[in-house]
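Below is one structure, written out as structure tokens; the observations come after it.
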Amino acid sequence: MTTNEPAGSDPGGPGTPRAAQLSPVSRTALSVARVRAYESSRPEPLFTDPYALAFIEASGTPLPTEGPAGPLARLLVARGVMRTRFYDDRLLALGPRQVVLLAAGLDTRAHRLAWPSGTRLFEIDLPAVLDFKQGVLDERGAEAACERTVLPADLADPGWTDRLLAAGFDPARPTDWLAEGLLVYLDADQAAGLLTAVGDLSAPGSRLLTEQGRDLSRVPAEAGLTEMTALWRGGLGSGTAAWLDAHGWRTGFTAIDAFAASLGRELPPVPGFDGAGFLEAHRES
Numbered sequence: 001m002t003t004n005e006p007a008g009s010d011p012g013g014p015g016t017p018r019a020a021q022l023s024p025v026s027r028t029a030l031s032v033a034r035v036r037a038y039e040s041s042r043p044e045p046l047f048t049d050p051y052a053l054a055f056i057e058a059s060g061t062p063l064p065t066e067g068p069a070g071p072l073a074r075l076l077v078a079r080g081v082m083r084t085r086f087y088d089d090r091l092l093a094l095g096p097r098q099v100v101l102l103a104a105g106l107d108t109r110a111h112r113l114a115w116p117s118g119t120r121l122f123e124i125d126l127p128a129v130l131d132f133k134q135g136v137l138d139e140r141g142a143e144a145a146c147e148r149t150v151l152p153a154d155l156a157d158p159g160w161t162d163r164l165l166a167a168g169f170d171p172a173r174p175t176d177w178l179a180e181g182l183l184v185y186l187d188a189d190q191a192a193g194l195l196t197a198v199g200d201l202s203a204p205g206s207r208l209l210t211e212q213g214r215d216l217s218r219v220p221a222e223a224g225l226t227e228m229t230a231l232w233r234g235g236l237g238s239g240t241a242a243w244l245d246a247h248g249w250r251t252g253f254t255a256i257d258a259f260a261a262s263l264g265r266e267l268p269p270v271p272g273f274d275g276a277g278f279l280e281a282h283r284e285s
């Protein structure tokens, strides 16, 4: 398929892990890759990401020797697995579409999913993230299974929408937007601004996939996770669905524990995460 990709490089010089150029928020993509590598190694995985382990190896960080110890860590791993599978299923539920991965990180859905012919997929993230990812994919000889366009851009800069349009995005075509694990790293104003921009670019029939927010004050502290949880800003919190419904979307909710049960999995209970789940919003106007 046609691919528009930046070349990989080693900005830190010979011997320097390319991941060293990633910001603290961008480095959380490596945690997601660890979850996907773990699930891919199971005897009966809910999905397979053949590149996840390669990202960890290329990052220069030690490979895990044991599973997560604390209850919150175990829950976040289980949630990451369910989240990946849920969005995989929903993105493939329709025919060929225009797909935009917001803050795509180390997502390899362009390469590992069986996309219908005619699908066009855009990946948006910071240049250092996309450069690191593309370097690993090139080393592995990875080929996209759809028309893939990578777009180095900062979603905090309103100019990202102009860059997306210039890259060939068609605002008249229904779009599937994926904001996976993103909104929690934004404050309420940033989240509202981003979702407003998405709405402005969404033709009727478009979909937005993301998570229902929560009150972060109820999330327990746990050793080993503070570097990540300190970055959480909460987005629109528990009002995410209400905000979308008030801004031209019709929002449905899928409880994560029910989805896990349907796949024969069980999530460990952790206070502050009850009622968590996924939002699928359909653009009505």
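Counting in UniProt numbering, the sequence shown runs from 1 upward without gaps.
Idealized CB from N, CA, C, for every residue including glycine.
Rounded straight-line distance, which links the Cα of residue j to that of residue i
i    : j    : result
A242 : M82  : 23 Å
F122 : T84  : 18 Å
Y112 : Y87  : Looking at the sequence shown, residue 112 is not Tyr but Arg. Rounded to the nearest angstrom, the two C-alpha atoms are 13 Å apart.
M1   : D131 : Residue placement at M1 cannot be trusted, given a pLDDT of 44 that sits under 50; what the coordinates show is reported in the next sentence. Their backbone Cα atoms lie some 20 Å apart in a straight line.
G275 : A142 : 38 Å
L236 : A191 : 6 Å
F278 : G80  : 12 Å
G193 : R173 : 22 Å
L178 : L102 : 6 Å
A73  : R109 : 24 Å
A58  : F253 : 37 Å
V32  : S285 : 34 Å
Q98  : D245 : 22 Å
V184 : R27  : 15 Å
G264 : L75  : 16 Å
Residues bridged to residue i [DSSP beta-bridge criterion]
i    : result
P152 : D125
L102 : I124
F253 : L279
E147 : R120
E211 : F278
As assigned by DSSP and simplified to three states, the class of residue i
i    : result
R140 : coil
R90  : helix
R97  : coil
P17  : Residue placement at P17 is poorly supported in this model, since its pLDDT is 47, which falls under 50; the coordinates are not used for a value here.
D175 : According to the sequence as given, residue 175 is Thr; it is not Asp. T175 falls in the strand class under three-state DSSP.
E57  : helix
T108 : coil
Status (buried if at least 16 other CB within 10 Å, exposed otherwise) for residue i
i           : result
F169        : buried
G12         : Bear in mind that the predicted position of G12 carries a pLDDT of just 35, short of 50, making it unreliable; the figure below should be weighed with that in mind. So G12 counts as exposed.
R283        : buried
residue 286 : For residue 286 there is no data in the structure shown, the boundaries of the chain being 1 and 285.
E147        : buried
A261        : exposed
T196        : exposed
A29         : buried
R34         : buried
G213        : buried
V270        : buried
G105        : buried
Integer-rounded CB distance, given that residue j should sit under 8 Å from residue i
i    : j    : result
I124 : L164 : 7 Å
A78  : L267 : 5 Å
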